[in-house]
Each structure stands twice: as structure tokens, then as C-alpha cells.
Amino acid sequence: MKDAGHLFRFAGLFVVAFLVFLVVRGYVVPKTFGQYGHYRGAAIGEIAQHPVKFAGHQTCEGCHSDIADTKTKGAHAHVNCEACHGALFQNLPAPPQPKGTLYERFVALIVPPPPPAPPILLHADDPATVVPTKPDTLVLCVRCHTASAAKPKGFPQVDPTVHMGGIPCETCHNPHSPAIGSDAGQGAAASPAPGGAK
Amino acid sequence: MNISRRHLLILLPAAAVAWKYVEAGEPEASPNYQMSEHWWGMLINIPKCIGCGNCVRACQTENDVPDGYFRTWVERYHVTDTNMTTPEVISPDGGKEGFPVAQEDAGKYFFVPKMCNHCADSPCTQVCPVGATFVSPDGVVLIDPTYCLGCAYCVQACPYGCRYIHPTKKVADKCTLCYHRITKGLTTACCEACPTGARQLADLKNPNDPIHEFLKTHPVQVLKPQMATGAKAYYFGLDGSVR
Chain V
1 MKDAGHLFRF AGLFVVAFLV FLVVRGYVVP KTFGQYGHYR GAAIGEIAQH PVKFAGHQTC
61 EGCHSDIADT KTKGAHAHVN CEACHGALFQ NLPAPPQPKG TLYERFVALI VPPPPPAPPI
121 LLHADDPATV VPTKPDTLVL CVRCHTASAA KPKGFPQVDP TVHMGGIPCE TCHNPHSPAI
181 GSDAGQGAAA SPAPGGAK
Chain D
1 MNISRRHLLI LLPAAAVAWK YVEAGEPEAS PNYQMSEHWW GMLINIPKCI GCGNCVRACQ
61 TENDVPDGYF RTWVERYHVT DTNMTTPEVI SPDGGKEGFP VAQEDAGKYF FVPKMCNHCA
121 DSPCTQVCPV GATFVSPDGV VLIDPTYCLG CAYCVQACPY GCRYIHPTKK VADKCTLCYH
181 RITKGLTTAC CEACPTGARQ LADLKNPNDP IHEFLKTHPV QVLKPQMATG AKAYYFGLDG
241 SVR
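Going down the list, the sequences are from chains V and D.
The first sequence lines up with residues 1 to 198 when you count with this note's numbering.
The second sequence lines up with residues 1 to 243 when you count with this note's numbering.
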């Protein structure tokens, strides 16, 4: 029986090593690892924290209901505001980061965390500070409406060199309801321009 | 072996600390969003795409995608009737600024918007050695940038070429299906910016989502179905020449 004591001591060593392993693992493995699967569950929430830049047409229509009403009558009814106006935001200076615990700073030394997304201010949150610039229709409209055999046949297409000759599109067309006649731009032409929509 | 009082005093606190971490508490859930109620996908209507590049620019703006890298891009296929198997495919700068004018009567042209297919059985998540990329419970393939080593194994594994190594963060990056937007009730930036409705976010678990009516009445296809990835980017009007 005296020799069996060696085995028990050896087993005890394993138990101690296992406990040390559990303690170290407890510190090293993130708390949410394995919550949903073989990954860090908290990462899902962190990804969802990314700032939203495209406010969504519902946000725009909250204030610009007159434009929304104009749009519903025309061919651009289903073109969302930010498809043409872009995301209206400006970047803000990054706030100072908290220093974190000693352990977190130690981990950051080994694995530098990715820099957080810079904070932004949306036009919808502060219309006076974030002022939109009017899109240049000579660039904006031709991006979609330049005639090309690759585009769907039913889509209105023009040859920009023939159709407008450098005159901005909104001279004749109201971009929010582009058909000439009902709610046209200021200088609406009486007859269709050459190279017009096919 | 007799455990002495001294040994017991050493072992018990260690065991207590270990047990605390074994029984780690549940992390907090999002208050207004239940992952179990959603299963996200995307519907891409090829006959509606005009190749304007709005989606590519919107994605780069919304997600701070560096220049020259793409979470979504648009390809233009040119298929001639004499050569159906090797189409000419172009995607200048991801189609961000549109495409050169195509010639009439030179064959069949069409645009194919590409993005992460958010596969249910995604090859990219299966090869990650550290559990940095995963399919979330609501069906979105995501990357944990704090866990990613940047080994690029997933970049090679994706059959659709949807991943890249971020040039400054040095970790894998890809489409998140605008997870920060869809969890707030918004649509993705590419869908928001698409002028023709060629892209539509789809919640396959939501019975009121118009996707169900569309899927019931229209034939759709996924890219590379033979790879059995469980892709959830459904293409309507997809030509057989698309790879």
C-alpha cells in the first residue's frame, strides 16, 4: 500500500493542474465564448453597434413630407432619398478611450484591438450643422440614365451628349418627379429634347 | 493520499474561482431585437439592375470599406450567342462609378450584383481555426475582428470571393448584411441606395415579408448551387453563364 501513495500523489497533481487550467481558462476565454456556438457571443452585439450613416427614407420623409408627396406621383416614387442625395453625415472627433483594467491593457499590448468606428453626426440629428450640398444633376442623372445596351430595355435612357448638351437636367425635369408636363422643372421644354428616353 | 488542512485551504479557493468561470453568466441580450425571430437573406433582381454602382458606393460609405476593396460589387456580363460558356466579365473598380457604354447588337449584356451570400452552411466559417467567423442565430455570417488572426483561410474558402484582408486592421472583412442597420429595423445601405429596387433585404422568418410572395411566384437561383453552401442571396433572372 505504501507504493500506491505515489499514484495518489500523481493523481493529486493532475487535479491541481486541472484546477489551474480551469482558472487560467476562466480568465483567458471570453465570458460569452460558446454562448451560441464556437465563437464569442458578445461579438454580435459589438457589430450591431456600428454607427448608421444612411438614415433611411422614412427619416427624411419625417421633415420633407412635401418632397415625399411630389415623389409618390412620379417615376422616382421608389427611388429612396439617399440614392441620389447620399448619406448626409459628418465625422466627429473620436472621444478619448477609457484606459481599461490592467489585464485589458496587457491583452491590448499583445493583440491591439481594432480602432472603434469614428462617431458621426447625421443631418437628421442636426440639420443646421450637417448641411447637404445639392447634387450636380449632370453627374448624378447620367450615372443611371446614360443609354447603354447593357441596361434593361424598359429603363429610360438618353444619350447625354445629344439630349441636353451641358444644360443641367433639372432645367427641364423635376428630379423628384421627372416626367415633363405635370410637375416639371422651371424651364420645361414644350417638345422633347433629341436623344431622349427610348 | 491524505489531504492535509493546508492542502485543503489551498485547493478550495482555487476550485471556487474555477467554478465561477465554468458557470459564466449569460450576456445581456438586445432589448428590442430577438435573433430567434429572424433569418436574413437577400433577393437580387437581375433584370432590374442598371449597373449604376450606387450599392457599391453606399456600402463603402456605410461600412468604411477602404478604396480598392469591396463588400459588394457589380459585374457586367457580356455573353455572345456563339460563345455561351466563357462570357466576358468586367467590374471596373467594382462597378462603383458605373460601366462603359455597351454596343448594341453585340450579344447579351446584364449586370450581376455580388455580395456575401450569407450561407447557412458556409465554407468560410467552417475553416476558421479560432472561431472568429460564424453564422449568427439570425443567419448572418459575421466576423469577430477582435478574434480574427488574419490567416486568410476563410478568404480562400469562400467560393464567391466575398472576403478580403482589411489593409489596416489586418483581419478578415466582409459584408455584415449591415447588421447594425437590420437589427434597428432599417434595410441595408445597398438596398436603401438602389434606385431600381434590384436588391431587397429578405427576412425569411417573417411571414409578412414580401419576399415570400415573390419566392412563391418567381423562379430564383443561388450562385454555385452545386457547392451546397445554403446560400441565401437569391437571384431572379440569373443567366446560366454566371459563375
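Positions of the beta carbon are idealized from the N, C-alpha and C atoms, including for glycine.
In the DSSP assignment, the residues bridged to D:R76 are D:I90 and D:F111.
When the Cα atoms are used, D:T133 and D:D203 turn out to be separated by approximately 21 Å. Listed along chain V is no residue with a C-beta nearer than 8 Å to that of D:F214; the closest approach is about 15 Å. Contact annotation for D:A189 against chain V: K53, F54 and A87 [CB-CB distance below 8 Å, chain order]. Within the same chain, Cβ atoms closer than 6 Å to the Cβ of D:T80 are found at G107, the five residues on either side in sequence being excluded.
The beta carbon of D:V101 falls within 8 Å of a beta carbon belonging to chain V, placing the residue at that interface.
Out of V:C60, V:G62 and V:D69, the CA that lies nearest to the CA of V:S177 is found in V:D69.
In the structure shown, V:L7 falls within a helical segment according to DSSP collapsed to helix, strand and coil. In this structure, DSSP gives D:Q226 a helical state, which the three-state scheme calls helix. For V:L122, the enclosing beta strand (DSSP E) begins and ends at I120 to L122.
Between D:A58 and chain V, the shortest Cβ-Cβ separation is below 8 Å. For the region 133 to 165 of chain V, residues whose beta-carbon sits nearer than 8 Å to a beta-carbon of chain D comprise R143, C144, T146, A147, S148, A149, A150, K151, P152 and F155. For D:A202, the secondary structure class from DSSP, reduced to helix, strand or coil, is strand. Only T183, K184, L186, T187, A189, E192, A193, C194, P195, T196 and G197 from the region 183 to 208 of chain D bring a Cβ to less than 8 Å from some Cβ of chain V. Taking a C-beta distance under 8 Å as the contact criterion, D:L186 and V:V52 qualify as a contact pair. Taking D:V130 as reference, the option from D:C148, D:D173, D:N117 and D:I165 with the minimal CA-CA separation is D:C148.
DSSP, reduced to helix, strand and coil, places V:F21 within a helical segment of the structure shown. If you draw a straight line from the Cα of V:G34 to the Cα of V:R9, it comes to about 34 Å.
Note on geometry: alpha-carbon atoms of D:K174 and D:V65 lie some 9 Å from one another. Separation of the CB atoms of V:C144 and V:C169 is rounded to 11 Å, and the pair is thereby denied contact status at 8 Å. Taking 4 residues as the minimum length, the alpha helix (DSSP H) runs contained wholly in the region 72 to 116 of chain V are 81 to 85 and 102 to 110, in order along the chain. Beta bridge pairing from DSSP links V:R40 with V:F33.
For D:I90, the closest C-alpha among the options D:P100, D:N83 and D:Y179 is that of D:P100. Contact of V:L19 with chain D is assigned, a C-beta pair being separated by under 8 Å. For D:F214, the enclosing alpha helix (DSSP H) covers residues I211 to T217.
Within chain D, no C-beta atom comes less than 7 Å from the C-beta of V:N91; the nearest is roughly 10 Å away.
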